[in-house]
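Residue numbers (my numbering): 108 to 263.
1. Roughly how many angstroms lie between the CA atoms of residue 224 and residue 162, to the nearest whole one?
2. By how many angstroms is the C-alpha of residue 220 removed from the C-alpha of residue 158?
3. Tell me whether the beta-carbon of residue 244 lies closer than 7 Å to the beta-carbon of residue 235.
4. From which residue to which residue does the beta strand (DSSP E) around residue 235 run?
5. Whole angstroms are fine: how far does the CA of residue 172 sit from the CA of residue 247?
6. Note the first and the last residue of the continuous beta strand (DSSP E) segment covering residue 241.
7. Looking only at C-alpha atoms, which of 238, 228, 259 and 181 sits nearest to residue 250?
8. Assign residue 170 to one of two classes, buried (16 or more other C-beta atoms within 10 Å of its C-beta) or exposed (fewer than that).
9. Classify residue 257 as helix, strand or coil using the three-state DSSP reduction.
10. Going by DSSP in three states, residue 219 sits in which element: helix, strand or coil?
11. Take residue 147 and list the residues in its own chain whose beta-carbon comes closer than 8 Å to its own, dropping the five residues that flank it on each side.
12. Relative to the alpha-carbon of residue 232, which residue among 175, 193 and 180 has its alpha-carbon at the smallest distance?
13. For the putative contact between residue 58 and residue 191, defined by C-beta atoms under 8 Å, what is the C-beta separation to the nearest angstrom?
14. Am I right that residue 213 and residue 197 are in contact with their C-beta atoms under 8 Å? What's the rounded C-beta distance?
15. I need the boundaries of the beta strand (DSSP E) containing residue 192, first residue and last residue.
16. Once you ignore the five residues that flank residue 178 on each side, which residues in its own chain have a CB closer than 8 Å to its CB?
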């Protein structure tokens, strides 16, 4: 589990000095927006919130996870299952060869997403494919969990 932030022992995250005037607050905000990003402080913040976005849908035969991860290779992913927890992660090493960027708006970041699966998933038959920046995982349902067609019951 990732820790989003550490709360001090007194339970307060902000300095609550009531004598702070608006001008100082305004200067602080200006300083933030005039800073060359990312700094060490903001790069940790960006990493916490850079998890890939997912779509999860339930079909008759399976659950399907679609994860948006453009720019990766199949070999960048590590997909594991432990009990009913599916983990998808990637660790990429950023090349330091060319540091002479005029503008650099993106980097490839590491990520890890965990999903708790329902007991109805057949974890032995999960498969994955990567195509055009989308990682697809097919999580088939156990036979007893599949929806059975309606049937007519005769009265004897």
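Cβ coordinates follow ideal geometry from the N, Cα and C atoms, glycine included.
Answer, in terms of the structure:
1. 15 Å
2. 7 Å
3. yes
4. 234-238
5. 11 Å
6. Its beta strand (DSSP E) spans residues 241-247.
7. 228
8. Buried, because 16 or more other Cβ atoms sit within 10 Å of the Cβ of residue 170.
9. In this structure, residue 257 counts as coil in the three-state DSSP scheme.
10. strand
11. Confidence at residue 147 is low in this model, with a pLDDT of 49, below 50, so its placement is unreliable and the value that follows should be read with caution. Taken in chain order, the list of residues that qualify is empty.
12. Checking every option, the nearest Cα to that of residue 232 belongs to 193.
13. The chain is shown from 108 up to 263; residue 58 falls before or after that span and cannot be answered.
14. Not confirmed; about 15 Å, so no contact.
15. 192-197
16. 215 and 240
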